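Asks: Can you keep this structure in mind? I'll have questions shortly.
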Amino acid sequence: MDASPFKSSSPEMLAEIIRQAEVRLTAQLTTGIAADQRAMTFAGLLLAAAVVLFGAALATTLPSLRLGLILSIGAGLTAAASMAIWSAQPSDWDYVGNAPSQWLQDVAAGKSLHEAMAETASWYDEMIAGNELVIASAAATMRRAVFIAVLTTALGTIAAATLALLNR
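Going letter by letter, the sequence shown gives residues 22 to 189 in the working numbering.
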């Protein structure tokens with residue numbers, strides 16, 4: 022890691038840089054946990070609706086066109102739920118802080134606290150960037166899940182209304 026951009030900082034500024042980086046990493050973790058909870062709740066709702074639809078399909082004596090509609094909506098909601106679950110999968114996440122053993126090389130090399138803190142600032146900068154990529158990827162997958170759920174519901178509603186009008 023290249024600590025040179027931070028080495029020229031005053032000790033006070035470097036301490037503030039690290040403090041703000043730690044705040045940012047903590048905020049990213051909070052955001053990630055909230056996004057995962059939101060995704061799993063959404064998936065649970067979609068799967069509950071899909072189970073109801075699949076159960077209705079199994080118990081129905083409706084003509085095959087309506088049965089196909091019910092199964093298609095259930096499949097679309099299941100696909101959206103799968104994407105929501107995928108967005109909440111465990112990921113390569115960087116956390117604030119480090120293990121005491123990570124300081125051993127610095128101690129052995131006789132690095133100053135300022136130099137070690139500059140390296141920490143650089144390391145935190147890389148961690149923040151990596152976490153942003155993880156957050157963006159999960160968010161994109163979740164947006165696709167919501168799109169599929171909304172599209173499935175809209176198309177299912179249109180198809181059901183059309184069938185109802187045709188069978189008057």
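No residue lacks a Cβ here, since even glycine has one placed at the ideal position from N, Cα and C.
Quick caveat, the model's predicted, so the values are computed rather than measured.
For my contact list, L50 and Y116 are in at a C-beta cut-off of 8 Å; report their separation, rounded to the angstrom.
Replies: Indeed they touch by this definition, with Cβ atoms about 7 Å apart.
Asks: From T141 to D127, what does the alpha carbon distance come to, in whole angstroms?
Replies: Going by the C-alpha atoms only, they are around 11 Å apart.
Asks: Quick one: residues in its chain with C-beta nearer than 8 Å to the C-beta of L46, no 5 flanking neighbours on either side, listed in chain order?
Replies: Taken in chain order, the residues that qualify are D115, Y116, V117, Y145, M148, I149 and N152.
Asks: Is DSSP giving Y145 helix, strand or coil here?
Replies: If DSSP states are grouped into helix, strand and coil, Y145 belongs with the helices.
Asks: How big is the Cα-Cα spacing for L92 and D23?
Replies: Their backbone Cα atoms lie some 56 Å apart in a straight line.
Asks: Where do the ends of the alpha helix (DSSP H) carrying S103 lie?
Replies: Unbroken alpha helix (DSSP H) run through S103: S85 to S108.
Asks: Classify I179: buried if its beta carbon has 16 or more other beta carbons within 10 angstroms, exposed otherwise.
Replies: Under this definition I179 is an exposed residue.
Asks: Kindly confirm or deny that the segment 31 to 41 and the segment 96 to 106 touch, where touching means at least three C-beta pairs closer than 8 Å.
Replies: Taking 8 Å as the limit for Cβ pairs, the verdict is that the segment 96 to 106 does not touch the segment 31 to 41.
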